[in-house]
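Asker:
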Amino acid sequence: MEQGKLKIWLPTIRTGTGSDVFTQRLAAALDSRGIIAEITWFPLKYEVMPFLLRGIAPPPGTDIVFANSWSGFAFKRSGIPLVISSLHPEFVARGADLNVAQYLYHTLFIRRYEKWSFQAADAITAISEYTAGSLRQGRHAHKVEVIPLWLDFEKYHADGSVLPPGQAATEGSHRPFKLLFVGTPSYRKGVDLLPSIMRELGDNFQLRMIGTPADPSPFPANVVHLGRVSESDLIRAYCECDALLFPSRWEGFGYTALEAMACEKPVVTSNATALPEVVEDGVTGILCRSGAVEDFVAACRRLAADPAQAQLMGKAGRERAIELFSEDSALRKFVTLFKRLAAI
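All residue numbers for the sequence shown refer to the numbering used here, where the first residue is 393 and numbers rise by one.
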């Protein structure tokens with residue numbers, strides 16, 4: 393305790409990914425509820441050798457340590473409960489979506505580190521039922537609690553000045569149906585499918601990509617690469633699109649889909665992993681067979697052909713997002729867990 397307040401230590405290896413964003417958002421949300429949340433950032437080099445951090449002392453007054461499954465074991469401290477955050481299913485559930493180098497890296501290092509972290513944990517939080525599934529099949533089932541991710545819905549919302557799906561700026565004019573992709577340019581995110589999808593869709597569709605691939609040459613002319621953008625520009629991009637195109641093969645949660653839904657945009661994504669927990673097929677978007685280019689093409693054409701339905705899906709998406717993925721709901725679960733472990 394510090395000044396009579398519960399204190400959470402969040403030692404985090406900075407990776408430049410959504411994991412960092414999750415840690416920052418959790419810390420800010422805890423602080424706003426009167427709980428001291430202190431992040432200690434460590435360089436990326438420690439991801440391969442997190443055991444070198446075993447000697448790092450926790451901040452004075454720490455009641456709970458909250459750490460990622462890839463490195464959490466290194467922060468187990470005597471007399472202080474350890475909560476491990478699992479943002480992805482265990483290694484065995486995702487091996488098929490890794491290239492050779494990634495497979496070796498995960499086999500030799502990450503799988504071992506996760507095993508140690510789950511063994512050391514007093515509790516494990518999982519961000520989806522899918523993520524929790526593999527953990528519940530093993531010896532750690534009694535430690536697992538599902539606490540979904542959340543979003544600031546006052547920040548992520550529709551912009552009334554943006555035209556509805558399919559509507560042109562002037563009567564009689566034409567504009568393409570605007571798709572948006574947001575994510576790391578990787579096989580796991582389905583980036584390799586985008587060139588084929590967009591070539592098949594043709595000039596009546598445009599895709600804006602946030603997250604530039606290493607080799608943009610395979611992409612047709614109806615794809616615009618925006619690279620990395622600020623959060624405000626990201627929200628603007630969501631508002632300006634007609635639909636999110638997100639052919640990801642594997643998601644521990646589906647945060648990109650949630651962001652699009654909050655901005656009242658229909659989501660075209662894969663019927664795989666945790667994505668169906670976020671997107672309701674036919675209601676807030678369209679779920680496609682993972683890796684099936686023809687399904688994604690058909691889904692995009694369906695939305696473009698029926699702008700009114702696309703708009704209804706977008707509005708239903710925001711309603712679902714607020715109902716199921718609010719900050720208050722998630723933080724109540726976190727605070728209850730932390731207080732129970734700290735015996736407050």
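Even for Gly, the Cβ is constructed at its ideal location relative to N, Cα and C.
1. Tell whether a beta-carbon distance below 8 angstroms holds between Val616 and Met601.
2. Kindly identify the DSSP beta-bridge partner or partners of Ala459.
3. Could you check which residue in Ala420, Lys437, Arg641 and Ile502 has the C-alpha nearest to that of Arg406?
4. Going by Cα to Cα distance, which pick from Asn663, Val689 and Phe645 is closest to Val538?
5. From Gly552 to Cys655, what distance separates their C-alpha atoms?
6. Cα separation between Ala691 and Ile678?
7. Mark Ser662 as exposed unless 16 or more other C-beta atoms lie within 10 angstroms of its C-beta, in which case mark it buried.
8. If you draw a straight line from the alpha carbon of Val475 to that of Pro668, how long is it in whole angstroms?
9. Taking Arg425 as part of the alpha helix (DSSP H), name the residues at either end of that continuous run.
10. Give every residue of the same chain whose Cβ lies closer than 6 angstroms to the Cβ of Ala652, excluding the five residues on either side of it in the sequence, and list them in chain order.
11. Please report the distance separating the alpha-carbon of Asp721 from that of Val413.
12. Between Thr562 and Asp595, what straight-line distance do the alpha-carbon atoms span, to the nearest angstrom?
13. If we call anything under 8 angstroms between Cβ atoms a contact, is Val536 one with Ala518?
14. State the Cα-Cα distance for the pair Gly582 and Phe569, rounded to the nearest angstrom.
15. What residue ranges within the stretch 502-535 form continuous alpha helix (DSSP H) runs of no fewer than 4 residues, ordered along the chain?
16. Where does the unbroken beta strand (DSSP E) through Lys570 begin, and where does it stop?
17. Can you give me the C-alpha to C-alpha distance between Phe501 and Gly525, rounded to a whole angstrom?
18. Alpha carbon to alpha carbon, how far is Ala702 from Ala696? Give it in angstroms, no decimals.
19. Rounded to whole angstroms, what's the CA-CA distance from Glu686 to Phe510? Just pull it up for me.
20. Kindly list the residues whose CB is nearer than 6 angstroms to the CB of Glu430, restricted to its own chain and excluding five residues on each side of it in sequence; keep chain order.
21. Identify the continuous beta strand (DSSP E) that holds Lys399 and give its terminal residues.
22. Classify Gln395: buried if its beta carbon has 16 or more other beta carbons within 10 angstroms, exposed otherwise.
23. What separation, rounded to the nearest whole angstrom, lies between the Cα atoms of Met590 and Gln598?
24. Could you pull out every residue in the same chain whose Cβ sits closer than 6 angstroms to the Cβ of Gly706, ignoring the five residues on either side in sequence?
25. Comparing C-alpha positions only, which one of Val671, Trp462, Arg469 and Glu592 sits nearest to Ile714?
26. With H, G and I counted as helix, E and B as strand and the rest as coil, what does DSSP make of Gln494?
27. Would you mind working out which of Leu543, Ile627, Ala666 and Leu626 sits nearest Arg641, comparing C-alpha positions?
28. Does the beta-carbon distance from Lys397 to Ile428 come in below 8 angstroms?
29. At which residue ranges does the stretch 633-664 contain complete alpha helix (DSSP H) runs of 4 or more residues, listed in the order of the chain?
Answerer: Reading off the structure:
1. Your numbering for residue 616 matches position 224 in the sequence shown. Your numbering for residue 601 matches position 209 in the sequence shown. Yes, Cβ-Cβ distance for Val616 and Met601 is below 8 angstroms.
2. Counted from its first residue, the sequence shown places residue 459 at position 67. Partner(s): Ile476.
3. Within the sequence shown, numbered from 1, the residue matching residue 406 stands at position 14. Taking only the C-alpha atoms, the option nearest Arg406 is Lys437.
4. The residue you call residue 538 lines up with position 146 of the sequence shown. Comparing Cα-Cα distances from Val538 to each of Asn663, Val689 and Phe645, the minimum goes to Phe645.
5. Numbered from 1 along the sequence shown, position 160 holds the residue referred to as residue 552. Numbered from 1 along the sequence shown, position 263 holds the residue referred to as residue 655. Cα to Cα, Gly552 sits roughly 10 angstroms from Cys655.
6. As a working mapping, residue 691 is identified with position 299 in the sequence shown. As a working mapping, residue 678 is identified with position 286 in the sequence shown. Their backbone Cα atoms lie some 6 angstroms apart in a straight line.
7. Within the sequence shown, numbered from 1, the residue matching residue 662 stands at position 270. Buried is the call here.
8. In the sequence shown, counting from the first residue as 1, residue 475 sits at position 83. In the sequence shown, counting from the first residue as 1, residue 668 sits at position 276. If you take the alpha carbons of Val475 and Pro668, they lie about 27 angstroms apart.
9. As a position in the sequence shown, residue 425 is number 33, starting the count at 1. For Arg425, no alpha helix (DSSP H) run applies, since DSSP gives it neither H nor E.
10. As a working mapping, residue 652 is identified with position 260 in the sequence shown. Result list for Ala652: Tyr630, Leu636 and Val659, in chain order.
11. The sequence position of residue 721 within the sequence shown is 329, counting from 1. The sequence position of residue 413 within the sequence shown is 21, counting from 1. The sequence as given places Ser at residue 721; Asp does not occur at that position. Distance from the CA atom of Ser721 to the CA atom of Val413, rounded to whole angstroms, is 19 angstroms.
12. Along the sequence shown, read from residue 1 onward, the residue named residue 562 stands at position 170. Along the sequence shown, read from residue 1 onward, the residue named residue 595 stands at position 203. Summary for Thr562: the model assigns pLDDT 43, below 50, so the residue's position carries little reliability; its value from the coordinates is reported in the next sentence. Those two C-alpha atoms are separated by around 19 angstroms.
13. Residue numbering aside, residue 536 sits at position 144 when the sequence shown is read from its first letter. Residue numbering aside, residue 518 sits at position 126 when the sequence shown is read from its first letter. Yes, they are a contact pair.
14. The residue you call residue 582 lines up with position 190 of the sequence shown. The residue you call residue 569 lines up with position 177 of the sequence shown. Cα to Cα, the separation comes out at about 20 angstroms.
15. 503-512 and 521-528
16. Start at 1 with the first residue of the sequence shown, and residue 570 comes out as number 178. Counting along the chain, the beta strand (DSSP E) containing Lys570 begins and ends at Phe569 to Val574.
17. If you number the sequence shown from 1, residue 501 lands on position 109. If you number the sequence shown from 1, residue 525 lands on position 133. Approximately 22 angstroms between the Cα atoms of the pair.
18. Counting from 1 along the sequence shown, the entry for residue 696 is found at position 304. Counting from 1 along the sequence shown, the entry for residue 702 is found at position 310. Each residue's Cα considered, the two are about 8 angstroms apart.
19. What you label residue 686 is simply residue 294 of the sequence shown in a count that begins at 1. What you label residue 510 is simply residue 118 of the sequence shown in a count that begins at 1. Cα-Cα distance, rounded: 40 angstroms.
20. In the sequence shown, counting from the first residue as 1, residue 430 sits at position 38. Excluding positions up to five away in sequence, the list reads Trp401 and Pro451.
21. Numbered from 1 along the sequence shown, position 7 holds the residue referred to as residue 399. Note, Lys399: beta strand (DSSP E), Lys399 to Ile405.
22. Working through the sequence shown from its first residue, we reach residue 395 at position 3. An exposed status is given to Gln395, since fewer than 16 other beta-carbon atoms sit within 10 Å of its beta-carbon.
23. The count along the sequence shown starts at 1 and reaches residue 590 at position 198. The count along the sequence shown starts at 1 and reaches residue 598 at position 206. Each residue's alpha carbon lies about 8 angstroms from the other.
24. The count along the sequence shown starts at 1 and reaches residue 706 at position 314. Spatial neighbours of Gly706 in its own chain (CB-CB distance under 6 angstroms, excluding positions within 5 residues in sequence) are listed in chain order as Glu656, Lys657 and Pro658.
25. For this step, residue 714 is matched to residue 322 along the sequence shown. Minimum Cα distance to Ile714 is reached at Val671.
26. Here residue 494 refers to the residue found at position 102 of the sequence shown. Gln494 carries a helical assignment under DSSP once its states are collapsed to helix, strand and coil.
27. Residue mapping note: residue 641 aligns to position 249 of the sequence shown, counting from 1. Of Leu543, Ile627, Ala666 and Leu626, the residue nearest in Cα terms is Ala666.
28. Residue 397 sits at position 5 when you count from the first residue of the sequence shown. Residue 428 sits at position 36 when you count from the first residue of the sequence shown. The Cβ-Cβ distance between Lys397 and Ile428 falls below 8 angstroms.
29. Listed in chain order, they are 647-654.
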